[in-house]
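One structure is given below, encoded as structure tokens.
Residue numbers (this note's numbering): 14 to 304.
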């Protein structure tokens, strides 16, 4: 699902995607409400920003930003940059909203207060990405925006102060991946979540977790067979809500269903049983620890 979904005060907001209506589901009284927001079909994307009672997102197919006011139940449309820009999403750092382009190698900075726009087109020389599928997620970290790849070969940092794009974690480079006779320039992460002072990333293709410590901007990798020790499970388990069945944010894939419970349950390995070595799904044992 590509459209934006927001939970606020017991109400689930489903923003329009290929239509013009906002759906609200109140889980307390189990009721639905449908509101016509605009007189045309729009596609409000799932990579958005919320400031106080204002929601901002982009239209997947245009250069338009949509600003929705929760309290007034009102939406406004803003054109930013060139007409042929199609933005992937919108995030904010310092005074600028950051808008990576979906189909072009470019990032637009927009200062809402002054109206200034600045387009960055100078990416790292050896950067490559599968246009249209380049980005997975982006987070504000230390007044910059860090962009994590879906089908690309590196993690990027949008340096707000210097208006530049550089490679974050230069030692971390993703190689071209081959799946079902298709080539992907990187095929990096399939799911991510920012939790406290860490960012957890999961790659199905590499079969590993990567955990970023935001305090010192260090990155550690946990291969599939090694990541599920008791110590690491206790750390990762804080991300999983046993009652609400909270999922990671990311792209679903026919190669795996990218959420924490399925990841853990799919882990297999070698364990000793009554002095005999056998292959088993040790993820089931780990799953039991989390219940």
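Every residue, glycine too, gets a C-beta built ideally from N, C-alpha and C. Computed from a predicted structure; not experimentally measured.
Whole-angstrom distance between residue 203 and residue 272, CA atom to CA atom
Because residue 272 carries a pLDDT of 48, less than 50, the predicted location of this residue cannot be relied on, and the following value inherits that uncertainty. Distance between the alpha carbons of residue 272 and residue 203 is about 9 Å.
Alpha carbons only, please: which of 65, 184, 125 is nearest the one belonging to residue 230?
184
Is the beta carbon of residue 119 closer than 8 Å to that of residue 173?
no
Our contact map puts residue 33 next to residue 57 with C-beta atoms below 8 Å; I'd like the distance itself, whole angstroms only.
Residue 33 to residue 57, Cβ: 10 Å. No contact.
For the beta strand (DSSP E) containing residue 90, name the first residue and the last one.
87-92
Would you give the residue range spanned by the beta strand (DSSP E) that residue 68 belongs to?
67-71
Write down the C-beta distance between residue 140 and residue 122 rounded to the nearest angstrom, noting that I regard them as a contact closer than 8 Å.
About 18 Å; that fails the 8 Å criterion.
Taking only three categories from DSSP, how would you classify residue 17?
coil
Residues in the same chain with beta-carbon distance under 6 Å from residue 129, minus the five sequence neighbours each way, listed in chain order, please.
none
Can you tell which of 114, 210, 44, 179 has its C-alpha closest to the C-alpha of residue 228?
210
Just list the beta strand (DSSP E) runs in the stretch 144-229, keeping only unbroken ones of 3 residues or longer that don't cross its boundaries, in chain order.
148-154, 157-162, 168-172, 177-181, 190-192, 195-197, 204-208, 211-216, 221-226
Taking the C-alpha atoms as reference points, what is the distance between residue 269 and residue 127?
Note that residue 269 scores 40 on pLDDT, short of 50, meaning its location in the model is unreliable; the coordinates nonetheless yield the value given after this. About 45 Å.
How long is the line joining the alpha carbons of residue 62 and residue 187, rounded to whole angstroms?
28 Å
If I measure Cβ to Cβ from residue 95 and keep anything under 6 Å in the same chain, skipping five residues before and after, which residues do I get?
none
Where do the ends of the beta strand (DSSP E) carrying residue 29 lie?
That residue, residue 29, is in no beta strand (DSSP E); it is neither H nor E in DSSP.
With DSSP collapsed to three states, give me the class of residue 39.
strand
Using the C-alpha atoms, what's the distance from residue 27 back to residue 55?
13 Å
With contact counted as at least three CB pairs below 8 Å, one residue from each stretch, are the stretch 141-157 and the stretch 76-94 in contact?
no
CA-CA distance, residue 171 and residue 42?
43 Å
Specify the secondary structure class of residue 109 as computed by DSSP and reduced to three states.
strand
Around the Cβ of residue 104, are there at least 16 other Cβ atoms within 10 angstroms (buried) or fewer (exposed)?
buried
Cutoff 8 Å; reference residue 264; Cβ partners in own chain excluding five residues on either side
Bear in mind that the predicted position of residue 264 carries a pLDDT of just 40, short of 50, making it too unreliable to give a figure here.
Should residue 47 go down as buried or exposed, given a rule of 16 or more other Cβ atoms within 10 Å for buried?
exposed
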